[in-house]
Each structure stands twice: as structure tokens, then as C-alpha cells.
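For reference, the structure discussed in these notes is given below.
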Amino acid sequence: GAGVSQSPSNKVTEKGKDVELRCDPISGHTALYWYRQSLGQGLEFLIYFQGNSAPDKSGLPSDRFSAERTGGSVSTLTIQRTQQEDSAVYLCASSPSRQANEQFFGPGTRLTVL
Amino acid sequence: SQKIEQNSEALNIQEGKTATLTCNYTNYSPAYLQWYRQDPGRGPVFLLLIRENEKEKRKERLKVTFDTTLKQSLFHITASQPADSATYLCALVTASYDKVIFGPGTSLSVIP
């Protein structure tokens, strides 16, 4: 079956612009996660959704970052007024439930802020 | 402060040997630990999970141990192969299941 998909795969933007990243989880997966991975670094947890709700938004780096999930499916991560330090690969993962054994990751969106 | 650490240096081993990767954590109470493999340009792929009340788990050539006293998990790949070359990430899932904290990863190279 289809895995987690993310779009776009690559995004180049100018400093100060807003960007929107999309994640389509595996159908039926109620838990959805967003991470950020800078070059050569580990994954930085950003936010977790159970259904459409995000119990804890404290992982978001600043108030320029926001995320939403609608219909218990697609999620979007929005970065407003992008800065060069936002350049990274943004990864999305889903799992059948928050207590599930594993997360299934998408291929990521590589964001470059010039 | 809370943190997760993995082997600080890249690991190079000879084909056929056992690779051992470490994951240490401080000031967390995990529900369980996961191990993932990540290849360049790809998202991580789940390998194994071990719960806080388990000492050891095995899957084919992989073995994971978990010592909650030492706050450490060890990940072993036996009879290593060049195809095992990748970055390996440990991830801690908090007891409330609302956060997943990844370590920085260890780069493993298996030399033919």
C-alpha cells in the first residue's frame, strides 16, 4: 500500500517568505509527527498530532511555525517569514496510534532559505 | 538537563564482525526505546523496539538490550555486511507517549 508522502520534495525560498509543507500519512493512522533534521544532525521533534489535536506544541522552534491537521489525515506545517536557519529537511511520520510500535516516515521536504 | 547521546564517532568495522552501537539517556522516563536506520536522503526506517521492562530483543542479525539502571540501550548487528552501512538512530518515547526524542545518530561503515 501507499506509504507516507510529503510535498514538495524540495523547496527553495527567499528569506522572509512563507512556506507550507504537506504530509499525507498512511490511511487509518491516527498519530502524525513532524520532525526537522539539519545537515548531519539528528531529528528534532516539532509536534505530534493524535487525530486532529496537538496536545503539546512546545517543540515548535518559534511562533513563526504552526501546524494543523484536518479530517484526521493530511497535515500542513507552515513556516512564516522564513529565516536561513530554517533550512533543513522536514520529515513527517505516522503510526496507527500513539502507543504503536513504530513510526513510518515519509521521504522528507528539503527546505532551503536563501 | 534531558539528553540522548549515541556513539560520538563514526564506527568503522570489518565485514563479518559484530557492530555495537550505544544509546545513553539522562533525565527521561521512557516507555520504550526504538532503533531506526537512515540512509542518505531517505527517512528513517524502523528496526526494533524494546520496552522498559524488557532486557533484550532480537530480530534476525539484530539484538537490542535495555538497561534502565544504566539508562542505556545497546544495538548489535552480528555478521555485519557492507549493506548494513548507514546511520542508526535511537529514539526514546516518553512514558506519556506524547514525545519522541531522537538521538543524534551513529554512522556505521562496514568495510568489505
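Quick note, the sequences are listed as chains A and B, same order.
In our numbering, each residue's number is its place in the first sequence (first place is 1) plus 1.
In our numbering, each residue's number is its place in the second sequence (first place is 1) plus 768.
Here a beta-carbon is modelled for each residue, glycine too, at the ideal position from N, C-alpha and C.
Keep in mind that this is a model prediction, so the values were computed, not measured.
Residue-chain proximity (residue i, chain B), Cβ-Cβ < 8 Å
| i | result |
| --- | --- |
| Q104 of chain A | yes |
| L44 of chain A | yes |
| P9 of chain A | no |
| G109 of chain A | yes |
| Q100 of chain A | yes |
Which residues DSSP lists as bridging residue i, in chain order
| i | result |
| --- | --- |
| N11 of chain A | A:R111 |
| E824 of chain B | B:T833 |
| Y804 of chain B | B:F814 and B:L857 |
| N792 of chain B | B:E773 and B:Q840 |
| Y865 of chain B | DSSP output for Y865 of chain B lists no bridge partner at all. |
| T31 of chain A | Per DSSP, none; premise fails for T31 of chain A. |
| Q51 of chain A | A:A32 and A:S54 |
| V75 of chain A | Partner(s): none; V75 of chain A has no beta bridge. |
| P798 of chain B | B:T862 |
| A68 of chain A | A:L78 |
| D19 of chain A | Per DSSP, none; premise fails for D19 of chain A. |
| A89 of chain A | A:L112 |
| S6 of chain A | A:D25 |
| E45 of chain A | A:R37 |
| S875 of chain B | B:T855 |
Distance between beta carbons of residue j and residue i, contact taken as under 8 Å
| i | j | result |
| --- | --- | --- |
| L838 of chain B | K825 of chain B | At roughly 17 Å, the Cβ-Cβ gap does not stay under 8 Å, so L838 of chain B and K825 of chain B are not in contact. |
| L876 of chain B | A787 of chain B | 6 Å |
| E783 of chain B | S853 of chain B | Not quite, the Cβ-Cβ distance comes to about 10 Å (not below 8 Å), so this is no contact. |
| F105 of chain A | I48 of chain A | The pair is not a contact, with the Cβ atoms about 17 Å apart (cut-off 8 Å). |
| L92 of chain A | Y36 of chain A | 5 Å |
| T77 of chain A | L22 of chain A | 7 Å |
| K867 of chain B | F46 of chain A | 6 Å |
| S31 of chain A | S98 of chain A | Per the sequence shown, the amino acid found at residue 31 of chain A is Thr instead of Ser. Sure, about 6 Å apart at Cβ, within 8 Å. |
heavy atom of the ligand FAD below 7 Å from residue i C-beta
| i | result |
| --- | --- |
| K785 of chain B | This structure does not include the ligand FAD; it has no bound ligands of any sort. |
8 Å Cβ cutoff, residue i in contact with chain A
| i | result |
| --- | --- |
| Y856 of chain B | no |
| K867 of chain B | yes |
| F814 of chain B | yes |
| L789 of chain B | no |
| F834 of chain B | no |
| L860 of chain B | no |
| F843 of chain B | no |
| L779 of chain B | no |
| L876 of chain B | no |
| L817 of chain B | yes |
| P850 of chain B | no |
| P872 of chain B | yes |
Requested in this report: Pull out every residue of the stretch 84 to 98 of chain A whose Cβ sits closer than 7 Å to any Cβ of chain B, in chain order.
Outcome: So the list reads L92, given in the order they occur along the chain.
Report task. Name, going along the chain, the residues of the stretch 792 to 810 of chain B whose beta-carbon falls closer than 7 Å to a beta-carbon of chain A. Result -> Taking 7 Å as the Cβ-Cβ cut-off, the stretch 792 to 810 of chain B approaches chain A at Q802 and R810, given in chain order.
Query raised in the report: Any contact of the stretch 861 to 880 of chain B with the stretch 793 to 800 of chain B, i.e. 3+ C-beta pairs under 8 Å?
Result: Short answer: they touch.
Report task. Check distances from the C-beta atoms of the stretch 47 to 76 of chain A to those of chain B and list, in chain order, the residues that come in under 7 Å. Result -> So the close ones are Y49, P56 and D57.
Query raised in the report: Is the stretch 103 to 113 of chain A in contact with the stretch 51 to 69 of chain A, if contact means three or more CB pairs nearer than 8 Å?
Result: Touching, no.
Report task. With 8 Å as the limit, tell me which residues of the stretch 22 to 44 of chain A have their beta carbon closer than that to any beta carbon of chain B; keep them in chain order. Result -> Here the close residues are Y34, Y36, Q42, G43 and L44.
Report task. Indicate whether the contact test is met: 3 or more Cβ pairs, each with one atom in the stretch 818 to 836 of chain B and one in the stretch 771 to 781 of chain B, closer than 8 Å. Result -> Segments in contact, no.
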